[in-house]
Amino acid sequence: MNFHAHETTVIDSPCEIGEGTRIWHFSHIMANCKIGERCNIGQNVVISPDVVLGNNVKIQNNVSVYTGVTCDDDVFLGPSCVFTNVTNPRSGVNRRGQYDKTHVGKGATIGANATIVCGHNIGAYAFIGAGAVVTKDVPAYALVVGNPSKQIGWMSEYGSRLHFNAEGHAVCGESGERYRLVDEGVRKELASAVADAGKTS
Ligand SMILES: CC(C)(COP(=O)(O)OP(=O)(O)OC[C@H]1O[C@@H](n2cnc3c(N)ncnc32)[C@H](O)[C@@H]1OP(=O)(O)O)[C@@H](O)C(=O)NCCC(=O)NCCS
Numbered sequence: 026m027n028f029h030a031h032e033t034t035v036i037d038s039p040c041e042i043g044e045g046t047r048i049w050h051f052s053h054i055m056a057n058c059k060i061g062e063r064c065n066i067g068q069n070v071v072i073s074p075d076v077v078l079g080n081n082v083k084i085q086n087n088v089s090v091y092t093g094v095t096c097d098d099d100v101f102l103g104p105s106c107v108f109t110n111v112t113n114p115r116s117g118v119n120r121r122g123q124y125d126k127t128h129v130g131k132g133a134t135i136g137a138n139a140t141i142v143c144g145h146n147i148g149a150y151a152f153i154g155a156g157a158v159v160t161k162d163v164p165a166y167a168l169v170v171g172n173p174s175k176q177i178g179w180m181s182e183y184g185s186r187l188h189f190n191a192e193g194h195a196v197c198g199e200s201g202e203r204y205r206l207v208d209e210g211v212r213k214e215l216a217s218a219v220a221d222a223g224k225t226s
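Here the sequence shown is numbered in the working numbering, starting from 26 and rising by one per residue.
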């Protein structure tokens, strides 16, 4: 076993947990989960059956990751954020096995206490503000807040607001990485492309 689980963690079999992952007090990992390497799973977290998490996923306290949710590498789930997996639950109706899917793309952040209504995907590096209620797909790099959540801007991979100029260019104030606004959304410019542009200008 190359991961650390606090003695109060409950881990059902079978499941896969990657090297270097740490799981803290009173958390429950249910059967058939696949958890990547170097993840940090906080206190009082439930990972439901069949959930797949990538590498370096950080989950803060009091989060339930329900069946139907998948998180790519480097996803951050803020404290007490909420996933759902049934749109119209009724106590008297059994909808087991009809769970809606929610995919969280690489590097995305879900803020504290946000709710993701199931069946909507969060794009890579999207940022969901604290307390937002997501009811639609969120594009890659988009920053959304509020209930129902609305896009108020764009965020860099580093987690800084991107301010695009009239030509559709922006530079991350923290990392210096460059971004372009194109028809489909935001694209990060590769370091080699930036260097080439510098040579010709
Ligand atoms: C969304 C967020 C990244 C915006 O940060 P920011 O770029 O510094 O934004 P500002 O504080 O300048 O706010 C910009 C506007 O958005 C509003 N706003 C900011 N965060 C908001 C939120 N979560 N929900 C609703 N509105 C929000 C502000 O009130 C402000 O509105 P105004 O222009 O009408 O005055 C930040 O507020 C947030 O929610 N971070 C998540 C924190 C978190 O959950 N961390 C978890 C680990 S501890």
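The beta carbon of each residue, even a glycine, is placed where N, CA and C say it ideally should be.
Environment of residue i [buried if 16+ CB atoms lie within 10 Å]
i, result
"residue 109", "buried"
"residue 122", "exposed"
"residue 46", "buried"
"residue 213", "buried"
"residue 164", "buried"
"residue 127", "buried"
"residue 157", "buried"
"residue 171", "exposed"
"residue 42", "buried"
Residue i to residue j span [Cα, whole Å]
i, j, result
"residue 132", "residue 97", "7 Å"
"residue 35", "residue 216", "44 Å"
"residue 145", "residue 162", "5 Å"
"residue 106", "residue 181", "21 Å"
"residue 191", "residue 204", "13 Å"
"residue 183", "residue 29", "28 Å"
"residue 113", "residue 91", "15 Å"
"residue 77", "residue 136", "20 Å"
"residue 196", "residue 188", "8 Å"
"residue 174", "residue 100", "19 Å"
"residue 166", "residue 58", "28 Å"
Residue j beta carbon less than 8 Å from that of residue i
i, j, result
"residue 159", "residue 134", "no"
"residue 211", "residue 179", "yes"
"residue 125", "residue 93", "yes"
"residue 142", "residue 154", "no"
"residue 104", "residue 87", "yes"
"residue 38", "residue 55", "no"
"residue 61", "residue 49", "no"
Element boundaries [beta strand (DSSP E), containing residue i]
i, result
"residue 203", "203 to 207"
"residue 213", "210 to 213"
"residue 131", "From DSSP, residue 131 is part of no beta strand (DSSP E); its letter is neither H nor E."
Considering only heavy atoms of ligand 1 and the C-beta of each residue, which residues fall inside 7 Å, strictly closer? 85, 103, 104, 136, 137, 152, 154, 155, 156, 157, 168, 170, 171, 177 and 186
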